[in-house]
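Below is one structure, written out as C-alpha cells; comments come after it.
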Amino acid sequence: MKKILLVVITSCLSITLFAQRGSTIKWNEEGNAYYASEQNEIVKYHLPSFDKLVLVNSENLTPKGTTTALKINNFYVSKNEQVFLLFTNAKKVWRYATKGDYYIFNKATNSLQQLGKGLPASSLMFAKISPDGKKAAYVSKHNIYVEDLATQKITQLTKDGTNRIINGTFDWVYEEEFGCRDGFRWSEDSKNIAYWQIDARNIRNFLMINNTDSIYSFTIPVEYPKVGEDPSACKIGVVNIATQKTTWMQVPGSAIQHYIPRMEWANNQQLIIQQLDRKQQQSKIYLINTTKATATKIYEETDAAWIDIKSRWNNDDPTGWEWINNKKDFLWVSEKDGWRHIYLISNEGKNETLLTKGNYDMINFGGIDEKNGFVYFTASPNNALQNYLYKVKLDGSSSSPILVSSEEQKGTHSYKISPNGLFANHSFSNLNTPFSVEWVNLQTGATIKGEIRTKQKNATATFFTVTTEDGVTMDGWKILPKDFDSTKKYPVVFYVYTEPGSATVKDVFGSASTFLYNGDIAADGYIQISLDGRGTPAPKGAAWRKSIYKKVGILNVRDQAMAAKEILKWNYVDKERIAVWGWSGGGSTTLNLMFQHSDIYTTGIAIAPVADRLTYDNIYEERYMGLPQENKEDYIQASAVTHAKGLKGNLLVVHGTGDDNVHYQNTELLINELVKYNKQFSLMSYPNRTHSISEGAGTFTHLSTLFTNYLKQHCPGGVR
2 MKKILLVVIT SCLSITLFAQ RGSTIKWNEE GNAYYASEQN EIVKYHLPSF
52 DKLVLVNSEN LTPKGTTTAL KINNFYVSKN EQVFLLFTNA KKVWRYATKG
102 DYYIFNKATN SLQQLGKGLP ASSLMFAKIS PDGKKAAYVS KHNIYVEDLA
152 TQKITQLTKD GTNRIINGTF DWVYEEEFGC RDGFRWSEDS KNIAYWQIDA
202 RNIRNFLMIN NTDSIYSFTI PVEYPKVGED PSACKIGVVN IATQKTTWMQ
252 VPGSAIQHYI PRMEWANNQQ LIIQQLDRKQ QQSKIYLINT TKATATKIYE
302 ETDAAWIDIK SRWNNDDPTG WEWINNKKDF LWVSEKDGWR HIYLISNEGK
352 NETLLTKGNY DMINFGGIDE KNGFVYFTAS PNNALQNYLY KVKLDGSSSS
402 PILVSSEEQK GTHSYKISPN GLFANHSFSN LNTPFSVEWV NLQTGATIKG
452 EIRTKQKNAT ATFFTVTTED GVTMDGWKIL PKDFDSTKKY PVVFYVYTEP
502 GSATVKDVFG SASTFLYNGD IAADGYIQIS LDGRGTPAPK GAAWRKSIYK
552 KVGILNVRDQ AMAAKEILKW NYVDKERIAV WGWSGGGSTT LNLMFQHSDI
602 YTTGIAIAPV ADRLTYDNIY EERYMGLPQE NKEDYIQASA VTHAKGLKGN
652 LLVVHGTGDD NVHYQNTELL INELVKYNKQ FSLMSYPNRT HSISEGAGTF
702 THLSTLFTNY LKQHCPGGVR
C-alpha cells in the first residue's frame, strides 16, 4: 500500500560495491567524475569538462564462445578502476529486479569470468567485491557464498537457508515496508561478513491462486505476516571467511518482537545497528563488539506515534551510515522536537548537536562535504509543496539553513550530489513547468552543462487552500476545464491517496493530472482536484503527519469529505456530478468516502483497495494504527467493509488477483458485504496482475479505457 514518492534526492558518499537499488549516477570516490553504461560499454565522464573515456568496451563484455556482449542491468567499479562487477539477466523479486547473473571483468588481465558457476541461473543477489579486491560474496537461494576471484573456488558460508530461513536478504514485508533488500556487509579488512537472518518459519503463507497459466489452477504462496501476527524473528550474524563459523550477535530483547532496519560496520571489531520495537515507537542504536557478540546501547528515542527510518528520506534505501570525523561522530535524523532535523551524535552517544535549527522539516538527506564542513539536505521552510537544496555547518554553528538552490526557480529541486559535495546533477520543475536538468558545481553554483529532459505540456493547474469546518486548512491543486465559464456548472473528479505513504499535492511537474483518463479530460469538461489532509507526509511538522495515528481511514477520510463540502459551495461545481478515485490507500479512501459520505460523492473508482485493514501487513498497519490486540475497534471503524451498507452512488472496484501487496481477498470481502446489503456495483478483476496492474499485453490500455468509460457514463463531463 506504500506509494513511491515522485521527487527524491540521491547521494553517493563513497563508492562501494553494493547492489541495493543502484544509483542512477555512479560517482568515482573523488567526486570529480561519474561512470555510465552506454551501448554495452562502461565509460567515465570527467567533470567539469565531460571528457569521455571508455573503460570497458563491448568486446571485453562478450563471454567466450558467444558473439553478443552482456546486457548490463547494473555495474560497479573498483576504486582503482581495474575490476568491474557486472549485473545481467536480472529477474524481479517482488517490486525490483534484484536477482540475476554476475560477471567480473578484470582490466589488468583482460579476463571476463562469471561468478557462481554451478548455481542456478539468475539466482545471485547483491554480489559485492571484498574491500581487498580478492573475493566476491553473494546470496543464492537464501544462502551466502564467497568466491575467490583468482581460483574461482566457491565456499558456501551459510547452509541453513530455505524459503523460510533467509540469510543475507529479507522477507516480503521487510522489503516492502523498510526498503531492506541487500542483507549482508563486508568488514573493512575483508575477514568477516555481517548479515541478517530472517526466520519466517512461523509466518503463515498467503495463497494466491493462478487460474490462467495452466489447465489446472495452482497456488502461489507468499510468506505474509498479517497485522496482529508476530513478525519474523530477526538476528544478526557475523561469519568468519577463514573458519566459515557464524557468531550470533546478542541483541537485547525478543527477536520476534523487534525489527532491525539498519546495520553497518563501525570498524573491524564493531557493528552499529538500529533496533525498533514492534510498535516502532522506540528506537535504539547499539554498538556491537563482534568478538564478544555483546551490544552496548548508545542512543535511544521514543515517540507516542511512530519513528520513521532512513528509507523514508533516502529514496527507499536504508543502507549506509553517515560517519564523519574519522567515525568519531555520525549524523542522525529525528523528529523528537516536533520537526524532522539532522543531529550530530558522537560515536558513543554521549554528545548530541542539533544541526538544522528552526521550525521546518528536512525532507531528504543530500550528502556531506566534510572538507568544507557542510551537510546538504532538501527542505522548504516557507512552502510545504516545494523542495530546495540547503546546507548547514557540521559543527552546529549555522543559526539558519543556507539556501543553495536558485531563489528564482520556485518549485521542486532534486539533486544527485557527488562525494565531497563537489558537483551535482540537478533537476527542476514546478506544477506547470516541465523538468529541466543541469550539472552544477556546488562550490561555485555555476552551471557546467544543461539540458531539457521533457518538453511535454501539462494542463494549466493552480494551487488553492480550503479550510474545513474542523478548522483544518488543506492544500490542493485544481485543473479547470478548457473554455471554462464560471457561470456554468461542471463535474468534479477528486483524486485521493491521503495515507502516510505519500502526498499528492506537490509543486512538481506531472503531479496534477488524472493519469488514467484516456483522452483530454479538461476538454471533456471536468474539474480535476486533489487535496492533502492531515497525516500525509508533507513537511509541515510531526504533529501534522502523526495526527493520523490510530486514525488511518478515519481522520483522513473526514478531512477529504469536509474539504469537498467546502468545494461544493463553489458556484461552478455541479453537486450532482462528484466523482472520486484512488489506487491502493487511495482506493481505500475512495471506498470510505463513497460509503460514509454518499451525500457528497456520486461516483467512485477504487483500484486495489484495502477494504479491511485487518488484512494488511503488520509493519505498515502496526506502525500507523497500533496493535489490533489493543485497539481492534479502531481497525474496524477504519475499514471500508464496516460501512459498505452506506453505498448509494455508482462504484467500480478494480483489483489484480495476483496482488501480493494488497491481496485480492480484500475485494472478495468487500463483495460479500455489498451483496449482503443488495448494493449494486461494478467489478473488474485482472487475472494474475500485481498491485501495479501492469503485467500482460494491453493491460494499461484496457484499464485506462475502463476508467474513462465508467467515468463518462456515470459522471458525464461538460457544462450544465
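The sequence shown begins at 2 in our numbering and counts up by one. Just so you know, even glycine gets a beta-carbon here, dropped at the ideal spot from N, CA and C.
8 Å CB neighbourhood of residue i in its chain, flanking five on each side removed
i, result
"T469", "M475, D560, M563, A564, K566, E567"
"Q630", "G229"
"P64", "L71, Y104, L113, Q115"
"Q153", "Q114, K118"
"Y728", "Lying before the first or after the last residue shown, residue 728 is absent from the chain, which here runs from 2 to 721."
"Q282", "T303, D304, A305, A306, W307, I308"
Check whether residue i and residue j have beta carbons under 9 Å apart
i, j, result
"F723", "Q410", "Here the chain comprises residues numbered 2 to 721, so residue 723 is not present and cannot be evaluated."
"L150", "K135", "yes"
"F730", "N442", "Residue coverage of the chain in this structure runs from 2 to 721, which leaves residue 730 outside it and unanswerable."
"G321", "L356", "no"
"Y665", "V553", "no"
"E177", "I620", "yes"
"L272", "I237", "yes"
"T668", "L684", "yes"
"A306", "K547", "yes"
"S686", "G647", "no"
"N81", "L62", "no"
"R727", "D200", "No answer is possible for residue 727: it lies beyond the span of the chain, which begins at 2 and ends at 721."
"A294", "V240", "no"
"I289", "V252", "yes"
"K372", "N348", "no"
"K108", "V57", "yes"
"D508", "L404", "no"
"D486", "V720", "yes"
"N212", "P222", "no"
Residues bridged to residue i [DSSP beta-bridge criterion]
i, result
"R624", "Its beta-bridge partners do not exist; DSSP assigns none."
"V642", "Beta-bridge pairing links V642 to no other residue."
"L54", "K45"
"V149", "First, the amino acid is wrong: residue 149 is Asp here, not Val. Answer is K136."
"H427", "Y416, E439"
"V223", "F207"
"Q263", "Checking the displayed sequence, the identity of residue 263 turns out to be Arg instead of Gln. The partner list for R263 (beta bridge, DSSP) reads Q275."
"G657", "Y687"
"D471", "DSSP, once it has assigned bridges, lists no residue as partnering D471."
"T448", "V441"
"D102", "T89"
"N268", "Q271"
"S141", "L125, N144"
"L355", "Y344"
"K479", "T463, I530"
"E39", "E42"
Own chain residues within Cβ distance below 6 Å of residue i, not counting five before or after
i, result
"W28", "C13, Y35, S419, P420"
"E353", "Y344, I346"
"Q245", "L158"
"G374", "K394, L395"
"L277", "Y260, S284"
Beta-carbon contacts of residue i that lie in its chain and below 7 Å, excluding the five residues immediately before and after
i, result
"C716", "P492, R578, A580, T603, T604"
"A504", "D533, T537, P538, A539"
"A523", "A460, I480, P482, K483"
"K576", "L569"
"V9", "Here V9 scores only 31 on pLDDT, less than 50, and its place in the model should not be relied on; the value that follows carries that caveat. Answer for V9: N316, N365, S415, listed in chain order."
"G446", "none"
"L675", "A645, L648, F682"
"S38", "I73, F76"
Residue i CB to nearest heavy atom of the ligand FMN below 8 Å
i, result
"R721", "By its list of ligands, the structure shown contains no ligand whatsoever, and the ligand FMN lies outside what it can speak to."
When the Cβ atoms of the region 223 to 233 are set against those of the region 614 to 624, are three or more pairs found closer than 8 Å? Output reads yes: the region 614 to 624 touches the region 223 to 233.
Residue ranges of each beta strand (DSSP E) run of no fewer than 3 residues wholly in the region 490 to 541, ordered along the chain? 491 to 496, 528 to 533
So, does the region 318 to 327 touch the region 524 to 535, judging by three or more C-beta pairs under 8 Å? Counting C-beta pairs with one atom in each stretch, the region 318 to 327 and the region 524 to 535 have fewer than three that are closer than 8 Å, which means they do not touch.
Touch test, the region 330 to 347 against the region 574 to 583, Cβ-Cβ under 8 Å, three pairs minimum: No: the two stretches stay apart, fewer than three of their Cβ pairs being nearer than 8 Å.
Whether or not the region 118 to 129 and the region 137 to 149 are in contact is what I'm after, with contact meaning three or more pairs of Cβ atoms, one per stretch, closer than 8 Å; do they touch? At 8 Å Cβ cutoff, the stretches touch.
Report yes or no: do the region 587 to 598 and the region 495 to 507 share at least 3 C-beta pairs separated by less than 8 Å? Two segments are said to touch when three or more pairs of C-beta atoms, one from each, lie closer than 8 Å; by this definition the region 587 to 598 touches the region 495 to 507.
Pair every Cβ in the region 648 to 656 with every Cβ in the region 601 to 612, then say whether three or more of these pairs are closer than 8 Å. yes
3 or more residues per run - each beta strand (DSSP E) lying fully within the region 315 to 349: Fully enclosed beta strand (DSSP E) runs of 3 or longer: 330 to 335, 342 to 347.
Cβ contact check for the region 166 to 174 and the region 190 to 197: 3 or more pairs under 8 Å: yes
Only counting runs of 4 or more residues, tell me where the alpha helix (DSSP H) segments fall wholly within the region 151 to 210, in order along the chain. Restricting attention to alpha helix (DSSP H) runs no shorter than 4 residues, the region 151 to 210 encloses them at 173 to 179, ordered along the chain.
Please specify which runs of the alpha helix (DSSP H), each continuous and at least 4 residues long, are wholly inside the region 231 to 259, giving them in chain order. none
Can you list, in chain order, the stretches of the beta strand (DSSP E) that have 3 or more residues and sit fully within the region 559 to 633? Within the region 559 to 633, the complete beta strand (DSSP E) runs of at least 3 residues are 574 to 584, 604 to 608.
Starting from the N-terminal side, write out each stretch of the alpha helix (DSSP H) that is 4 residues or longer and does not extend beyond the region 350 to 404. Positions of the alpha helix (DSSP H) runs, each at least 4 residues long and wholly inside the region 350 to 404, cannot be given because no such run exists.
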